[in-house]
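Step one of this worksheet: look at the structure below.
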Amino acid sequence: MKTLRLLAIIPTALAMSLVFTDANLAQTPTIQINRNSQPDPLILNGKSGGSVKSNCGNITTEPSQVIQVTESLPYLRLTVESKGKPTLLIDGPGGRFCVLADSYSGGKSELSGYWQPGKYSLYVGELSQQQFTYTLSISQKNNSH
């Protein structure tokens with residue numbers, strides 16, 4: 000009888016370990032950024048928008064990207080471009096910031112300036128109900144408009 004009970008427990012434990020493994024794989028990978036990060040600009044792609052309504056457009060429950068700034072950076076610029084109306088919600092050591100596209104930046108969501116060390120969760124949102132492919136550019140070069 001004990002053997003039968005043990006055989007019933009093993010598949011359940013195996014199934015649970017597979018569920019937890021999948022949950023870990025779904026986490027957004029963290030990208031390290033420091034003064035010597037290459038290439039510059041670093042270009043990342045994904046899908047904007049999501050099912051969560053926020054004050055920064057429609058976003059996903061998990062961050063689109065996570066960056067770890069390993070040292071103080073005097074200048075860092077994040078730029079999001081898409082065919083839609085992209086937003087950029089940044090949740091980091093200094094608080095939560097929402098960046099909307101404007102005519103000055105040519106319809107892009109852009110934030111630049113000093114960045115303190117820490118982990119930043121980036122949510123690429125969309126003002127419409129749709130989803131679009133986005134390009135996120137991360138650069139330490141100060142290109143004036």
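Residue 0 is where the sequence shown starts when you use numbering that gives the first Met the number 0, and the numbers rise one by one after that. Here a beta-carbon is modelled for each residue, glycine too, at the ideal position from N, C-alpha and C. Predicted, not measured: the structure shown is a model, and the values here were computed from it.
Which same chain residues end up closer than 8 Å to residue i when comparing Cβ atoms and leaving out the 5 residues on each side of it in sequence?
i	result
K107	T78, V79, E80, P85, A100
C26	The sequence shown places Gln at residue 26, rather than the Cys named in the question. Correct list, in chain order: E61.
P28	V65
L131	Note that residue 131 is Phe in the sequence shown here, rather than Leu. If we look at F131 and ignore the five residues flanking it on each side, its Cβ neighbours are K46, S47, G48, S81, K82, G83, P85, E125.
Which residues in the same chain as residue i place their Cβ atom closer than 6 Å to its Cβ, once the five residues preceding and following it in sequence are excluded?
i	result
I66	I30, I32, Y119
E109	T78
Y122	I58, P62, S63, L88
N141	Y74
Can the beta-carbon of residue i be found closer than 8 Å to that of residue j?
i	j	result
G91	S63	no
L43	Q139	no
Using C-beta distances below 7 Å, list every residue in its chain close to residue i, excluding the 5 sequence neighbours before and after it, in chain order.
i	result
L24	Model confidence at L24 stands at a pLDDT of 48, short of 50, so the residue's coordinates are unreliable; what they give is reported in the following sentence. Cβ within range, chain order: n/a, list empty.
Q129	G48, G83
E70	N33, R34, P116
For residue i, does the count of other Cβ atoms within 10 angstroms reach 16, so buried, or fall short, so exposed?
i	result
E125	buried
S127	exposed
A22	In this prediction, A22 has a pLDDT of 44, which is less than 50 and means its spatial position is unreliable; nothing more can be read from the coordinates.
L135	buried
Does residue i get closer than 8 Å to chain C when you measure Cβ to Cβ?
i	result
S63	The structure shown contains no chain C, having only a single protein chain.
Taking residue i and residue j to be in contact with their CB atoms under 8 Å, please state how far apart those CB atoms are, rounded to whole angstroms.
i	j	result
S111	L75	7 Å
Query raised in the report: Given 8 Å as the limit, is there contact between the stretch 85-95 and the stretch 30-42, that is, 3 or more CB pairs closer than that?
Result: no
**Report entry** the stretch 114-121 contacting the stretch 51-60, beta-carbon criterion three pairs below 8 Å
**Finding:** no
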